[in-house]
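If you read the sequences in order, they're chains A and B. Take any residue in the first sequence, note its place counting from 1, add 130, and you have its number in our numbering. Take any residue in the second sequence, note its place counting from 1, add 202, and you have its number in our numbering. Built from N, CA and C at the ideal position, the CB exists for glycine as well. This structure is a prediction, so every number in the text was calculated from the model and none was measured.
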Amino acid sequence: MTKNIKERWRQFAAWVNGADSDTPVVTPEEKRAARPHPLRFLHGMLSEKNEMRVYHIFSVVMCLVFTGTLLLTVLYLPTFGGAGNPTENEVMERYVEKGIEEVGATNLISNIILVYRGFDTFGESCVLFLAATCVMILLRKDEKNTTAYDLAERAEDAEIESEENTTVLRSVVRMLMPVILLFGVYVLLNGHLSPGGGFSGGAILGAGLILFENAFGEKVRRFMSEHVYHFIKVAALYFYGFTMIYVFFTGANGLHSIIGTGIPGMIFSAGVIMPINVAVGLEVACTMYAFYAFFSKGEL
Amino acid sequence: MRPFYENLPFLCIFLAMLAGITTSILHSGKWALRISLTALTVIGAASAWLLYATASQNTYFVYAMGKFPSPWGNELRAGPLEAGLALVFCIVMACSLLGGLKDIFEDILPGKQDLYFVMMDMLLASLLSMLYTNDIFTGYVFIEINTIAACAIVMAKDNNQTLVATMRYLVMSLLGSGLFLISLALLYAITGHLLMPQLGESIHALFVSGLYTEPLTVLVGLMVLGLSIKSALFPFHSWLPDAHGSSTTASSAILSGLVLKGYIVLLIKIFYRVFSISEVRSLKITNVLFVLGALAMIMGSVKALQEGHSKRMVAYSSVAQIGYIYLGVGLGIEAGVVAAVFQIIAHAFTKPLLFVSVGALSSTAGHEKKWYYLRGAGRRCKLAGIGFTLGGLSMVGIPLLAGFVTKLYLAQGATLAAWQTAAALAALAVSSVLNAMYYIPAIVQIWSSGSTCQEMGIEPRVRRADPALVVSVLVLGVGVILLGVCYRPVVGVISAGLALL
């Protein structure tokens, strides 16, 4: 008995000292194998393949349980759009009835997301900025993620993109491009008057830019260099951020604000909504284009 | 016109965001660092002012973002609790950055260092927003920002391990966000509000009338599940050791010390302001949190005990420490939550101290992270050795250090609990012994004489402590000791802040 304790103490001391000493190293797996285990025969039955199968079955069951619970919960919720629902309260009333008068945009959604709940939307545009920055951290060309093979592939891509191979694409894009850009600008500038706004308009502009890049790679790249990208992105976010600071500061402190509502329905109305829509739109367009550029080439 | 200090929370959040946006065009890691540290200093000073202003008058205020008050517009709310936590977060983040400075500039490619600090600034903005928000949907938006930034600071090191760890972290974290979002949708459907004060009134009315009990139960479950996945409560912790163990030193310190806590603070705010602690208790969700917290305290330590990799061991110890926080919340009484918030602060100081020290210790052995090769590392970098010893002893719960006070308050709280007393005390005792079983050998190992890293062909080298490391270890170490010695004022502020919530 004493010898056993002494032996164990010696082993413990050796382990504390971090030395292997003369005791054989026992890995956790070996230890587990050496221990009598009531579930051993179960482990024996579970080969690796079976284990994966159990795992798959378990995940499917989990999904079904979650889906079932959520569907059941929906049964207990108030009917969608029903009269007298909890959502039909003073909040919605003021948004719908006073929105045009207080903020000035005939698109009520713009009023809510850019003015009433402007802080959330500023947060959302920061999400986009962060997402683009993340993609840059991950995919920007550097010695770790680019091999000679990648470079060769990209050179080959550039070859395929060259003039004679893209005649059809180029003619179509030449026709479509003005329409797409015009539509994007329209959605941006009319965000406070009709459905649309910064996020949707920016997405259209961004998609247009990506299409243009596919057809006339060189020209777009010459214009959308990394400097231009950073300039537009930061200028848009600065403008948005400082506008929001002004709006929040004057609003919260009850100071007089120079931002009016204008005449609802006019293009220059609704105070800060249109400029903010433009800023958000530029940022979204840049972000979309940057996603495409980083994923395809690792640089702008 | 309101007093100027009431503008501080909003200005702090925007300062952090604008710092992040500015940093993205600098193309220089050094300047990015300077901007981040300046922002942290200014925000820390502002938080201290706010803490003084609110704690001295024992008051709180709500701040409408724009001219539309609740329930129409976004709002912030600040009291002693929020301001105090913001101050702690700023100090800890600055110290973690300073302590891991050398590793940041070694681990991350020069072209991407500026982007790393963008993530830090945005992380700070999101943590502040989650602290100050009075609007549950704003909370969700900043959870998203927090998720992206947290994944990016793991990924920044850019080797195979961190990429795999980031993927796991991202998937688990997004699952948590998704569940939280679904619960918000349900909450909005049955109350029609998103601002916390009005939500509180509606929920209270629902409790009285007994309407919509089923969706209410499901949504509380989803909300707690979502936030506990993101804060690595025990069965959902599998992503944590990889993410915290493989990233660069500063990232590990900030992820363990701050990011996990942001979600828990939000959960506590929701428990207090949307529900009330008695309503939460009647939904039995605190019992679930209690059991999981107790399991986490033990299982986290057991896992740490099996770990030979120093950073992964410290990361597993985070799982156990998060368990303490949930154990406190799970007691379902005021005293338990006070202990939980104290643990948030104590762990926010202790864990970054451990990570920073381990980072410095392993740099004396060629960045080898296995305990086996760290023999004698404390003798080669004495400051980091002292930091690790202090942090480890605090985790074990030696009196006069922060960890002891947590255990004291948890035990005191447990004696007042309904049925949890014996279980809580047992979990505390077992967990303390387990903590000692892995921290004490580790401390003995780093102070032993000789070295073992030659076996790997690495020459042990003495690391002179650079000023940044000295400041970092000193501030965090003094924080751990101060929290352990003069804990009464801290607990006073926490109780006052919770009473005002």
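Through-space distance from residue j to residue i, alpha-carbon basis
| i | j | result |
| --- | --- | --- |
| Q249/B | E208/B | Contrary to the premise, residue 249/B reads as Ser rather than Gln in this sequence. Near 11 Å, if we compare the C-alpha coordinates of E208/B and S249/B. |
| S275/B | P399/B | The amino acid occupying residue 275/B in the given sequence is Gly; Ser does not appear at that position. Going by the C-alpha atoms only, they are around 12 Å apart. |
| I470/B | V531/B | 8 Å |
| F398/A | H322/A | 10 Å |
| S704/B | L602/B | The structure shown does not extend to residue 704/B, since chain B is modelled only from 203 through 703, so no value can be given for it. |
| N336/B | E181/A | 46 Å |
| K427/A | G694/B | 57 Å |
| F436/B | A234/B | 36 Å |
| S301/A | G332/A | 24 Å |
| V675/B | I645/B | 16 Å |
| K271/A | E429/A | 6 Å |
| V426/B | V493/B | 14 Å |
| A261/A | L365/B | 16 Å |
| T153/A | V343/B | Annotation note: pLDDT 47 at T153/A (below 50); position unreliable, coordinate value reported separately. For T153/A and V343/B, the distance between alpha carbons rounds to 55 Å. |
| P417/B | Y262/B | 32 Å |
| M354/A | G411/A | 16 Å |
| S655/B | A579/B | Going by the sequence as given, residue 655/B is Cys instead of Ser. The straight-line gap from Cα to Cα measures roughly 10 Å. |
| S151/A | G253/A | In this prediction, S151/A scores a pLDDT of 44, lower than 50, which makes its location untrustworthy; the coordinate-derived value is nonetheless stated afterwards. Their backbone Cα atoms lie some 58 Å apart in a straight line. |
| S255/A | A629/B | 45 Å |
| N215/A | P208/A | 6 Å |
| A625/B | V364/A | 54 Å |
| A351/B | L325/B | 6 Å |
| I310/A | E286/A | 29 Å |
| N241/A | S404/B | 25 Å |
| M266/A | Y371/B | 19 Å |
| V482/B | V221/A | 26 Å |
| V350/A | E343/A | 6 Å |
| G314/A | M305/A | 15 Å |
| L281/A | E356/A | 19 Å |
| S324/A | D316/B | 40 Å |
| L239/B | T224/B | 14 Å |
| L194/A | R475/B | 33 Å |
| N383/A | F270/B | 11 Å |
Residue(s) in a DSSP beta bridge with residue i
| i | result |
| --- | --- |
| E277/B | A266/B |
| K572/B | H511/B |
| D337/B | L397/B |
Sequence-distant residues of its chain with Cβ nearer than 7 Å to residue i (five each side left out)
| i | result |
| --- | --- |
| V354/B | In the sequence under discussion, the amino acid at residue 354/B is Ala, which differs from the Val named in the question. Around A354/B: M321. |
| D183/B | As shown, chain B starts at 203 and ends at 703. That puts residue 183/B outside it, with no answer to give. |
| V317/A | G326, S330, G331, I334 |
| I524/B | S433, A434, L435, L462, A498 |
| V485/B | In the sequence under discussion, the amino acid at residue 485/B is Leu, which differs from the Val named in the question. T419, V422. |
| V672/B | L585 |
| S385/B | L421, L424, M425, G428 |
| I362/A | L412, C416 |
Cβ shell of residue i (< 6 Å), same chain only, five flanking positions each side left out
| i | result |
| --- | --- |
| Q414/B | The residue asked about is misnamed: residue 414/B is Tyr in this sequence, not Gln. Counting only Cβ-Cβ distances below 6 Å, and skipping sequence neighbours, we find I392, L408. |
| G378/B | G428, I431, K432 |
| A266/B | G275, E277 |
| I215/B | A327, L330, S331 |
| T368/B | C353, V356, M357 |
| L702/B | Y262, G281 |
Residues of its chain near residue i, where Cβ-Cβ distance is below 8 Å and the 5 sequence neighbours each way are ignored
| i | result |
| --- | --- |
| A537/B | Y611, Q614, G615, L618 |
| T391/A | E231, E232, V233, G234, S399, A400, G401 |
| L457/B | A352, I355, V356, A445, H446, S449 |
| V226/A | L238 |
### Message
Is it the case that the segment 658-667 of chain B contacts the segment 587-597 of chain B, given that we only count it when at least three CB pairs across the two stretches are under 8 Å?
### Response
With the cut-off at 8 Å, the segment 587-597 of chain B and the segment 658-667 of chain B do not touch.
### Query
Quick check: the segment 436-446 of chain B against the segment 514-524 of chain B, are there 3 or more CB pairs under 8 Å?
The answer is yes - the segment 514-524 of chain B touches the segment 436-446 of chain B, with three or more Cβ pairs under 8 Å.
### Short-range partners of chain A found in the segment 497-516 of chain B, where Cβ spacing is below 9 Å
Cβ contacts with chain A: Q508.
### Message
Under 8 Å, with one C-beta from each stretch per pair, do the segment 277-286 of chain B and the segment 325-336 of chain B reach the 3-pair mark?
### Response
Verdict: yes, contact present.
### Query
Can we say the segment 677-695 of chain B touches the segment 290-304 of chain B, given the rule of at least three CB pairs closer than 8 Å?
A contact exists between the segment 677-695 of chain B and the segment 290-304 of chain B.
### Message
Within 8 Å, do at least three Cβ pairs link the segment 238-253 of chain B to the segment 374-390 of chain B?
### Response
Taking one beta carbon from each stretch, the segment 374-390 of chain B and the segment 238-253 of chain B have fewer than 3 pairs nearer than 8 Å; the two do not touch.
### Message
Contact between the segment 406-421 of chain A and the segment 367-382 of chain A is defined here as three or more beta-carbon pairs at a separation below 8 Å; is this criterion met?
### Response
Note that the segment 406-421 of chain A touches the segment 367-382 of chain A; at least 3 beta-carbon pairs, one per stretch, sit closer than 8 Å.
### Interfacial residues, the segment 326-353 of chain B to chain A, with Cβ spacing under 8 Å
From the segment 326-353 of chain B, only A327, S331, D337, F339, T340, V343, F344, E346, I347, I350, A351, C353 have a Cβ closer than 8 Å to chain A.
### chain B contacts made by the segment 178-202 of chain A, where a contact means CB separation under 8 Å
Within the segment 178-202 of chain A, the qualifying residues are T199, L200, L202.
### Task
Please list the residues of the segment 259-292 of chain A that have a C-beta atom closer than 8 Å to any C-beta atom in chain B, keeping them in chain order.
Listed by position, the residues of the segment 259-292 of chain A near chain B (Cβ gap below 8 Å) are F259, L260, A261, T263, C264, M266, I267, L268, R270, D272, E273, K274, N275.
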